[in-house]
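Beneath this line is the structure, given in structure tokens, with notes to follow.
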Amino acid sequence: MGNTPTNTPAPAPTPTPKTNRIGLQVVDYRGGKTTLCAGCGHNAISERIIDAMYEMGVQPERVAKLSGIGCSSKSPAYFMNRAHSFNSVHGRMPSIATGAMLANKNLIALGVSGDGDTVSIGAGQFIHLMRRNLPMIYVIEDNGCYGLTKGQFSATADLGSTLKSGVVNDLPPVDTCSLAIQLGATFVGRSFSGDKRQLHTMLKAAIAHRGTVMLDVVSPCVTFNDHEGSTKSYKYMQAHEEPLNEVSFVPSFEEINVDYDPGTTFEVTMHDGSSLRLRKLEQDYDPTDKIQAVRRLMESHEKGEVLTGVFYINAKAPSFIDMLNVTDEPLATLPESVTRPSREVLAKCMDELR
Amino acid sequence: MSTSDVVPQELSGHVGQKRVGVINDMSIQVATVNGSGSQSSNTVLLRSIFQMGVPISGKNLFPSNIAGLPTWYTIRANKDGYIARKKEIDLLIAMNAETAQEDVKSLAAGASVLYDEPLALDKVRDDLIFYAVPYDKLVAAACSEAKLRKLIKNMIYVGVAAQLLGIDFAEVEKAIRKQFLTKVKAATLNLAAAKAGFDYSAANLKKRDPFYIQRMDKTKGKIIVDGNSAAALGCVFAGCTVVTWYPITPSSSLVETMIDYMKEYRVGPDGKATFAIVQAEDELAAIGMVIGAAWAGARSMTATAGPGISLMAEFTGLAYYVEIPAVIWNIQRVGPSTGLPTRTAQGDVLSTAFLSHGDTRHIMLFPDSVSECFTMAQDAFDLAERFQTPVFVMSDLDLGMNNWMSDPFPYPDKPIDRGKVLSKADLEKAGSFARYKDVDGDGVGYRTLPGTDHPAAAYFARGSGHNEKAQYSERPDDFERNMERLNKKFETARSFVPRPEVTGGGKAKIGILAYGTSHWAIIESRDQLSKEHKVETDYLRVLAYPFTREVHDFIERHDRVYVVEQNRDGQMASLLKLDIKPELTPRLRSICHIHGLPIDARSVTDELMMMEGK
Numbered sequence: 000m001g002n003t004p005t006n007t008p009a010p011a012p013t014p015t016p017k018t019n020r021i022g023l024q025v026v027d028y029r030g031g032k033t034t035l036c037a038g039c040g041h042n043a044i045s046e047r048i049i050d051a052m053y054e055m056g057v058q059p060e061r062v063a064k065l066s067g068i069g070c071s072s073k074s075p076a077y078f079m080n081r082a083h084s085f086n087s088v089h090g091r092m093p094s095i096a097t098g099a100m101l102a103n104k105n106l107i108a109l110g111v112s113g114d115g116d117t118v119s120i121g122a123g124q125f126i127h128l129m130r131r132n133l134p135m136i137y138v139i140e141d142n143g144c145y146g147l148t149k150g151q152f153s154a155t156a157d158l159g160s161t162l163k164s165g166v167v168n169d170l171p172p173v174d175t176c177s178l179a180i181q182l183g184a185t186f187v188g189r190s191f192s193g194d195k196r197q198l199h200t201m202l203k204a205a206i207a208h209r210g211t212v213m214l215d216v217v218s219p220c221v222t223f224n225d226h227e228g229s230t231k232s233y234k235y236m237q238a239h240e241e242p243l244n245e246v247s248f249v250p251s252f253e254e255i256n257v258d259y260d261p262g263t264t265f266e267v268t269m270h271d272g273s274s275l276r277l278r279k280l281e282q283d284y285d286p287t288d289k290i291q292a293v294r295r296l297m298e299s300h301e302k303g304e305v306l307t308g309v310f311y312i313n314a315k316a317p318s319f320i321d322m323l324n325v326t327d328e329p330l331a332t333l334p335e336s337v338t339r340p341s342r343e344v345l346a347k348c349m350d351e352l353r
Numbered sequence: 000m001s002t003s004d005v006v007p008q009e010l011s012g013h014v015g016q017k018r019v020g021v022i023n024d025m026s027i028q029v030a031t032v033n034g035s036g037s038q039s040s041n042t043v044l045l046r047s048i049f050q051m052g053v054p055i056s057g058k059n060l061f062p063s064n065i066a067g068l069p070t071w072y073t074i075r076a077n078k079d080g081y082i083a084r085k086k087e088i089d090l091l092i093a094m095n096a097e098t099a100q101e102d103v104k105s106l107a108a109g110a111s112v113l114y115d116e117p118l119a120l121d122k123v124r125d126d127l128i129f130y131a132v133p134y135d136k137l138v139a140a141a142c143s144e145a146k147l148r149k150l151i152k153n154m155i156y157v158g159v160a161a162q163l164l165g166i167d168f169a170e171v172e173k174a175i176r177k178q179f180l181t182k183v184k185a186a187t188l189n190l191a192a193a194k195a196g197f198d199y200s201a202a203n204l205k206k207r208d209p210f211y212i213q214r215m216d217k218t219k220g221k222i223i224v225d226g227n228s229a230a231a232l233g234c235v236f237a238g239c240t241v242v243t244w245y246p247i248t249p250s251s252s253l254v255e256t257m258i259d260y261m262k263e264y265r266v267g268p269d270g271k272a273t274f275a276i277v278q279a280e281d282e283l284a285a286i287g288m289v290i291g292a293a294w295a296g297a298r299s300m301t302a303t304a305g306p307g308i309s310l311m312a313e314f315t316g317l318a319y320y321v322e323i324p325a326v327i328w329n330i331q332r333v334g335p336s337t338g339l340p341t342r343t344a345q346g347d348v349l350s351t352a353f354l355s356h357g358d359t360r361h362i363m364l365f366p367d368s369v370s371e372c373f374t375m376a377q378d379a380f381d382l383a384e385r386f387q388t389p390v391f392v393m394s395d396l397d398l399g400m401n402n403w404m405s406d407p408f409p410y411p412d413k414p415i416d417r418g419k420v421l422s423k424a425d426l427e428k429a430g431s432f433a434r435y436k437d438v439d440g441d442g443v444g445y446r447t448l449p450g451t452d453h454p455a456a457a458y459f460a461r462g463s464g465h466n467e468k469a470q471y472s473e474r475p476d477d478f479e480r481n482m483e484r485l486n487k488k489f490e491t492a493r494s495f496v497p498r499p500e501v502t503g504g505g506k507a508k509i510g511i512l513a514y515g516t517s518h519w520a521i522i523e524s525r526d527q528l529s530k531e532h533k534v535e536t537d538y539l540r541v542l543a544y545p546f547t548r549e550v551h552d553f554i555e556r557h558d559r560v561y562v563v564e565q566n567r568d569g570q571m572a573s574l575l576k577l578d579i580k581p582e583l584t585p586r587l588r589s590i591c592h593i594h595g596l597p598i599d600a601r602s603v604t605d606e607l608m609m610m611e612g613k
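Those protein sequence lines, which keep their order, are chains A and B.
Mind the numbering: the first sequence is residues 0 to 353 in numbering that gives the first Met the number 0, read in order.
Mind the numbering: the second sequence is residues 0 to 613 in numbering that gives the first Met the number 0, read in order.
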């Protein structure tokens, strides 16, 4: 699998299908037909994941798709059929992801969760995932409500926003981004399912990162939370999205042929040698400064803007798997000769107990 | 609070009788304060007797507390190898002023008491044998550093008891040196304390009790270890690669010991680990990580106790339906929350058997000994991977945290069984596969691991609603077929799980059925029944659920089957009733033991005789 088809002569009449650097077509990254509502933000996110994985030339079989419960968590069925997937239980996908990465550190873990799945029932596991800096991409498809149970508020719903029925939310929202930054995630950003270019670029950079990537993607629920009074609607986002920086990305396998001005652009060299460039829309914002990032996020709440972009990045912090210092070969497939100590070892242990 | 359950003297014919020259048959109880360092002293006393060649067991009855509350340690020495807890206490070593009065009052007449002189316990009763020891004076003489005295005070009673019982001091010295292996100063100080006690006893105490330890040869080559350490070793040798856990008494020491063994024996020449051990944020995450790791192909496990099992319920059901292997050690203890978390029970049999929601049934293994903790570790992993399902090993606090004598563990005699996993090469040959198709007729499908480099390798793991190809399905026929296959898988497991152990001539009308640590009381009780009451019994020890054919046959062959267990509701009996022919259910009679202390033979014998109407 995944070999570049160098010796296959293309039949003359049909044009050679477009392939990526490992010789796969976009179709090799597609999934089943979506069963979500037409216009659901989640479908757009699935499309961006397909494009990013294709463009980055990720071997689909190396990807582990993980999810909890909810509309968002169904979406892994709608992209990358050639990747294993685990639709687990509500709010507990982080532990499944952690276990999978312990077993096979060569996997590329992509978790898709929702705001209910992450911030309410899954708050505990989310917190500990962030502080472990497990190498994985964690996408929250954030629509501020529980779609699959017909539109109840979630814990990311803004204070004063309303349900379709007019019920007003009187509790403050949890900001997943500032939480993730404080807890130890090493790549934290927010985007909008309708911002094709920004989301696409952030996902590509996420694939190049070794550590926990937490992307909160506002993804309107067209059925239950797209009305006047919602702060997670298409209309609201179009009016209030405020990019902190302009994100561009040059993968390691592409030649860097565009210069940038260090005065206006912040460049981060990623784990695999790729380059993430954040053009400063606000002078003096340093995305490696946690305190500044959290302060800026809190300010944006005060101002009522939805800040997007890459808020925080640390491309050098060791990941959880690095800290465990496990063998190069995945633990999952180590042979018995390695995992069962010798007779002599057992004899020694027995002697010590005499 | 007291740990004694001795019946009032007038009701019992077995205690209070005057005995002369009782050799190698006694129980010693040491009452101390938690956190006072008595654990070392008790281990030294236990080992000294063991080194004299006499079979022993040591049981720690401790509070849920780090320091300050009363704790008791019971040592039983028995020439015939009976190592269950014994109800009666022959020698009390009273070191705790707070409980001393009550401890003394609960003894049967004729017992001996070794006590700290200022406690003046000899004023409490006149039907016991008292030995007063001036601990403070002795420890002051033995140790010049005042601040170290309280650390070694307890070692004095080891010396006194050794002298009174006739244990060679050389054995005490050997045990002390083993206990403080590399800590030379501690060894020297403790040795001086033990010697001070030994010499004081020889010079000042007149032997009045009948108990003696005499050298015999029944412990040669044997080891002493607790069940959790044995389980840890078993898992190390079973090729376990991922352990995720959340601390909970009485299971924590299993993983903590495993960490030590893994660090020593499972690190490659390049310094890299062939294992990952992660302390999770709670039991929900612990089991989630186990399942995630097993899905991705690791031999993964966790260890917990009842409250943790409850928290693992949802994920266990998912693993059952997605068909993911998992090994869960349930070191059973008493009940929820606070109360008796440091006391033993077999109270999770039913809740574990059907853990989760919907129709679920889980394989359970019941080790009775440290040796089975070792061997069943591999059984558990092999069964979990063979049947792609969670497997629970039902140990308990008595087995897990107490010291047991055992033959050395045998090196595993069978290769590790990783079950039905398709590799890239297999897929190249086959072209495709259906994850939940019953290809072999045993109910078990073939699985692939994430990361398998073949375009047909992937499948979508999800809960109950899927067809044979792991595609989403809510079709009634798909669901029903899947449920029936899962049932078939469980039925197949019946002939793969460890078979029960059946003893007895096979001619008795009365059968006894027990499991786990209750075993040790049963073997002693059967001898009591035979010798004292001329009642012959056959005995079946259950090693696993689902029950194998032998269990059904055993019940069919006996008029009455006493199911002995350490819970209130007769949980194993209930589980059996669901499995056996309805007409056989009246044959089952429950003997339930529930007070947090390990079951003893006398209680079983008395209750069985009462139920026999004799």
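All C-beta atoms in this analysis are idealised placements derived from N, C-alpha and C, irrespective of residue type, glycine included.
Our two residues, Lys234 (chain A) and Arg446 (chain B), have alpha carbons roughly 46 Å apart in a direct line. In the three-state reduction of the DSSP assignment, Ser463 (chain B) falls in the coil class, being assigned neither a helical nor a strand state.
In the same chain as Leu253 (chain B), and ignoring 5 residues on each side of it, the C-beta atoms closer than 7 Å to its own belong to Asn227, Ala230, Ala231, Ala302, Trp328, Ile330, Gly399, in chain order. For Trp244 (chain B), no Cβ of chain A is located within less than 8 Å of the residue's own Cβ. A distance below 8 Å separates the beta carbons of Arg540 (chain B) and His518 (chain B).
Between Met363 (chain B) and Ala376 (chain B) the beta-carbon gap is near 14 Å, outside 8 Å, which marks them as no contact. Here Gly510 (chain B) carries a strand assignment [DSSP, helix/strand/coil]. Taking Glu523 (chain B) as reference, the option from B:Lys506, B:Arg84, B:Trp244 with the minimal CA-CA separation is B:Arg84. In the DSSP assignment, Asn59 (chain B) falls within the beta strand (DSSP E) that extends over 55-60. For Ser94 (chain A), a Cβ of chain B is located within less than 8 Å of the residue's own Cβ. Of all C-beta pairs linking the segment 21-35 of chain B to the segment 289-307 of chain B, fewer than three are shorter than 8 Å, placing the two stretches out of contact.
Per DSSP, the unbroken beta strand (DSSP E) holding Asn86 (chain A) starts and ends at 83-86.
Against chain A, the beta carbon of Asp568 (chain B) has no neighbour under 9 Å; the closest one sits roughly 29 Å away. For Gly233 (chain B), no Cβ of chain A is located within less than 8 Å of the residue's own Cβ. Rounded to the nearest whole angstrom, the C-alpha separation of His594 (chain B) and Ile92 (chain B) is 23 Å. Per DSSP, Phe223 (chain A) has no beta bridge partner at all. Around the Cβ of Thr15 (chain A), a 10 Å sphere holds fewer than 16 other Cβ atoms; the residue is exposed.
In chain B, no part has a C-beta under 8 Å from the C-beta of Leu35 (chain A); the shortest such distance is about 13 Å.
Between Pro329 (chain A) and Asn132 (chain A) the beta-carbon gap is near 20 Å, outside 8 Å, which marks them as no contact.
In this structure, DSSP gives Gly196 (chain B) a helical state, which the three-state scheme calls helix. Assigned with DSSP and collapsed to three states, Ala66 (chain B) falls in coil, not helix or strand. Scanning the segment 283-345 of chain B for uninterrupted alpha helix (DSSP H) segments of 4 residues or longer gives 305-310, 312-321, listed from N- to C-terminal end. DSSP, read as helix, strand or coil, puts Leu214 (chain A) in strand. Annotation for Leu607 (chain B): Tyr561 place their beta carbon closer than 6 Å to its own, counting only its chain and skipping 5 residues before and after.
In the structure shown, the three-state DSSP call for Val438 (chain B) is coil. Taking CB atoms only, Met610 (chain B) has no neighbour in chain A less than 8 Å away. Between the C-alpha atoms of Ser251 (chain A) and Ser274 (chain A) there is a straight-line separation of about 7 Å.
Under the 8 Å criterion on CB atoms, Pro454 (chain B) is classed as interfacial with respect to chain A. Per the Cβ contact rule, the segment 194-201 of chain B is in contact with the segment 148-159 of chain B (3 or more Cβ pairs under 8 Å). Taking Glu500 (chain B) as reference, the option from B:Asp477, B:Gly464, B:Thr547, B:Asn486 with the minimal CA-CA separation is B:Thr547.
Cβ-Cβ distances below 8 Å link Leu243 (chain A) to Leu280, Glu281, Tyr284, Arg295, Leu306, Thr307, Gly308, Val309, Phe310 in the same chain, with the five nearest sequence neighbours on each side left out; the list follows chain order. Scanning chain B for C-beta atoms nearer than 9 Å to the C-beta of Thr97 (chain A) yields Thr243, Val277, Ala279, Ala284, Gly287, Met288, Gly291, Ala292, reported in chain order. Excluding its 5 nearest sequence neighbours in each direction, Arg493 (chain B) has C-beta neighbours in its own chain below 8 Å: Pro545, Phe546, Thr547, Arg548, listed in chain order. Below 8 Å, enough C-beta pairs join the segment 225-239 of chain A and the segment 159-175 of chain A to call them touching: three or more.
Within the segment 463-476 of chain B, contact with chain A at the beta-carbon level (separation under 9 Å) is assigned to Gln470, Tyr471.
Distance from Pro407 (chain B) to Ile222 (chain B) at the Cβ level is roughly 6 Å; contact confirmed, criterion being Cβ atoms closer than 8 Å.
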